[in-house]
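*Asks:* This is the structure I want to talk about, given as structure tokens.
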Amino acid sequence: MRAGEARRARLILLLGAGKTWASIRERLGCNDAFIDRWSKRYRAQRLAGLRPRRADRRERRFPAPLEARILLWTAKRTPSDGSLRWSTRKLAVQLGVSHMTVARVWRKHDVRPPVRSPGRVRETDRASHLI
């Protein structure tokens, strides 16, 4: 169960126990809009109402040239600051994209940036097989 789902479940349990909105706000660290929205959805849809509506969203798609650029830089280039591997944030700054875009592309292609050191490198660390 995700943290948001657990928080909404606690809200419903507290409402069911007869707690006031003020005590719920203090206990969960939420506002009246949160309590109102989720209590109404629970009354109307029961447990299904506690799921976020965007949960069934399609997977994000990135333009192929962007994905290729991220993968190429990951496999073929090293960070200019002398570090041995890219972080999502370093590569994102270099390419002018968000660090989450880099992370999602890496996850989609099951890539971990290779360590550039003379030591032993695991085959799973190699991103060059994608290029």
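Taking the numbering used here, I'd label the letters of the sequence shown as residues 2 to 132. We treat Cβ as the ideally placed atom computed from N, Cα and C, and that holds for glycine. These figures come from a predicted structure and were not determined experimentally.
#1: Between the segment 59-78 and the segment 32-45, do at least 3 Cβ pairs fall closer than 8 Å?
#2: Nearest CA to the CA of Leu51: which residue from His110, Val103, Arg9?
#3: Can you tell me whether Trp39 is helix, strand or coil according to DSSP?
#4: Could you give the first and the last residue of the continuous alpha helix (DSSP H) run that contains Pro66?
#5: Buried or exposed for Pro114, going by 16 or more other Cβ atoms inside 10 Å?
#6: How about Arg86 and His100: do their beta carbons lie closer than 7 Å?
#7: With a CB to CB cut of under 7 Å and the five nearest residues on each side skipped, what residues in its chain are close to Arg11?
#8: Please check the pair Gly5 and Pro53, which I expect to be a contact at CB under 8 Å, by giving their CB distance rounded to whole angstroms.
#9: Can you tell which of Arg38, Gly83, Val112, Tyr43 has its C-alpha closest to the C-alpha of Ala69?
*Replies:* By the coordinates alone:
#1: no
#2: Closest option to Leu51, Cα to Cα, is Arg9.
#3: helix
#4: 65-77
#5: buried
#6: With a cutoff of 7 Å on beta-carbon distance, Arg86 and His100 are scored as not near each other.
#7: Leu29
#8: 7 Å
#9: Ranking the options by Cα distance to Ala69, first place goes to Val112.
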